[in-house]
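Data first, discussion second: the structure below is written as structure tokens.
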Amino acid sequence: MAPTSLLKPGLRESRRTGDGVDLHVVEAGQDGAPLVVLLHGFPEFWWAWRNQISPLADAGYHVVVPDLRGYNLSDAPDGVEHYRLDHLVADVLTLADGYGAERFDIVGHDLGALITWWVAAYHPERLAHAVMMDGPHADVWRRQMLKHPTQALRSSYVAALQIPRVPEVTLGALDFAALRAIMQGKCA
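The opening position of the sequence shown corresponds to residue 1319 in my numbering, with each subsequent residue numbered one higher.
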């Protein structure tokens, strides 16, 4: 489980079933209250939402913040096929089902926003509200890539991370110095 120093009072953690994987989850608020699921981006984990969890719980929500599959303390199955968008979406829906929520609110940032767009597009009946941050709709993103080459350059890291072994070598270099800088907000 998470180091206790990361868990503020009122937060609890557990393992919940996703789409064939166990997800590490941090939550707050009352069971049975309106469910809001917060989805982190790359290369983050639940802790990215640490400043939003308690205020949302205090506002009456049951806040559920999973580590996405492959991140932090959640299962990381071998093989890229296990990280396709349909599995990530199924993880969210299975998680909501596990809390007994027919409808729920969802907030996604970055990669979490992409997952949120897909849940909203293919399972709108499940959502009460959806918020996508720093993750435009795929059509808007595509148009921006064509109109503004600098945006394509800024987004090129996504393609680079798809090449086998490149992410491990690049991010692991110098004892993960670049990854540490990203996580500490020291990169532009």
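Even glycine gets a Cβ: it sits at the ideal position worked out from N, Cα and C. Only a predicted model underlies this, so the values are computations on that prediction, with no experimental measurement involved.
Three-state secondary structure (DSSP) of residue i
i            : result
residue 1505 : Residue placement at residue 1505 cannot be trusted, given a pLDDT of 48 that sits under 50; what the coordinates show is reported in the next sentence. Coil at residue 1505, not helix or strand.
residue 1487 : helix
residue 1345 : strand
residue 1498 : helix
residue 1323 : helix
residue 1461 : helix
residue 1330 : strand
Below-8 Å beta-carbon distance, residue i vs any chain C residue
i            : result
residue 1385 : The structure shown has no chain C; it contains just one protein chain.
DSSP beta-bridge partners of residue i
i            : result
residue 1422 : 1445
residue 1354 : 1381, 1423
residue 1335 : 1340
Assumed close pair residue i, residue j - CB separation to whole angstroms, cut-off 8 Å
i            : j            : result
residue 1405 : residue 1358 : Their Cβ separation, rounded to whole angstroms, is 16 Å, which puts residue 1405 and residue 1358 out of contact at 8 Å.
residue 1387 : residue 1341 : 7 Å
residue 1429 : residue 1494 : At roughly 19 Å, the Cβ-Cβ gap does not stay under 8 Å, so residue 1429 and residue 1494 are not in contact.
residue 1372 : residue 1346 : 6 Å
residue 1422 : residue 1343 : Not quite, the Cβ-Cβ distance comes to about 14 Å (not below 8 Å), so this is no contact.
Of the listed residues the options, nearest to residue i (C-alpha basis)
i            : options                : result
residue 1366 : 1385, 1354, 1455, 1410 : 1385
residue 1413 : 1335, 1486, 1483       : 1335
residue 1434 : 1410, 1421, 1416       : 1410
residue 1370 : 1349, 1361, 1326, 1400 : 1326
residue 1440 : 1403, 1417, 1345, 1486 : 1403
residue 1393 : 1457, 1468, 1332, 1490 : 1332
residue 1337 : 1484, 1436, 1416       : 1416
residue 1408 : 1330, 1395, 1418, 1436 : 1436
residue 1348 : 1460, 1329, 1425, 1468 : 1329
Check: residue i C-beta below 7 Å from any heavy atom of the ligand MG
i            : result
residue 1378 : In terms of ligand content, the structure shown is empty, and the ligand MG therefore cannot be addressed.
Exercise for the section: Inspect the CB distances between the segment 1448-1467 and the segment 1373-1390 and report whether three or more fall short of 8 Å. Expected result: no
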